[in-house]
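Participant: Take this structure first; my questions come after.
Numbering (mature numbering (1 follows the signal peptide of the UniProt record, and there is no 0)), first residue to last: -17 to -1, 1 to 109.
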């Protein structure tokens, strides 16, 4: 389980570190006014891949969103999806996001600082 969690975090980090996406911009887009990403904000990021608004991100929606965002290694998007599907129900949803969030929240305080976000994004997705 820890390996999958580490991989999911690596995927999130790799995307920004590989030049297509600015980590600070992405962080600021989802962080609240407190400059911390809470679980709800983190969930909103992954949920933005949900094209039909049903609360379930399918592999096809994830693949399409990954490419549209210009994230690196689009050929690996299906693998990234499978690694983040912590409940193994073939969709990303509110049951998966807390598990992924926990990987990023190094100090366990319930919020992601820019440092935690950047460090873990780069660790998992590079």
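Just so it is clear, CB atoms sit at the ideal spot from N, CA and C, and this is done for glycine as well.
For residue 78, which of helix, strand or coil comes out of DSSP?
Facilitator: Coil at residue 78, not helix or strand.
Participant: Thinking C-alpha only, which one of 96, 18, 75 and 106 is nearest residue 36?
Facilitator: Residue 36 has its Cα closest to that of 75, out of 96, 18, 75 and 106.
Participant: Nearest-angstrom Cα distance between residue 30 and residue 59?
Facilitator: When rounded, the distance between both Cα atoms is 19 Å.
Participant: Decide if residue 16 is buried, meaning its Cβ has at least 16 other Cβ atoms within 10 Å, or exposed.
Facilitator: That one is exposed.
Participant: In three-state terms, what does DSSP make of residue 21?
Facilitator: Strand.
Participant: Residue 80 and residue 22 - do their beta-carbons sit closer together than 9 Å?
Facilitator: Yes, Cβ-Cβ distance for residue 22 and residue 80 is below 9 Å.
Participant: If I measure Cβ to Cβ from residue 45 and keep anything under 7 Å in the same chain, skipping five residues before and after, which residues do I get?
Facilitator: These residues qualify, in order along the chain: 32, 60, 64 and 75.
Participant: Count the other CB atoms within 10 Å of the CB of residue 69; is the residue buried (16 or more) or exposed (fewer)?
Facilitator: Buried is the call here.
Participant: With 16 other CB atoms within 10 Å as the buried threshold, where does residue 88 fall?
Facilitator: Residue 88 is buried by the Cβ-count criterion.
Participant: So residue 100 packs on residue 10, CB below 8 Å; how close in whole Å?
Facilitator: 5 Å between Cβ atoms; contact.
Participant: I'd like to know whether the C-beta atoms of residue 34 and residue 47 end up nearer to each other than 9 Å.
Facilitator: In contact: residue 34 and residue 47 (Cβ atoms closer than 9 Å).
Participant: Is residue 110 helix, strand or coil by DSSP?
Facilitator: Lying before the first or after the last residue shown, residue 110 is absent from the chain, which here runs from -17 to 109.
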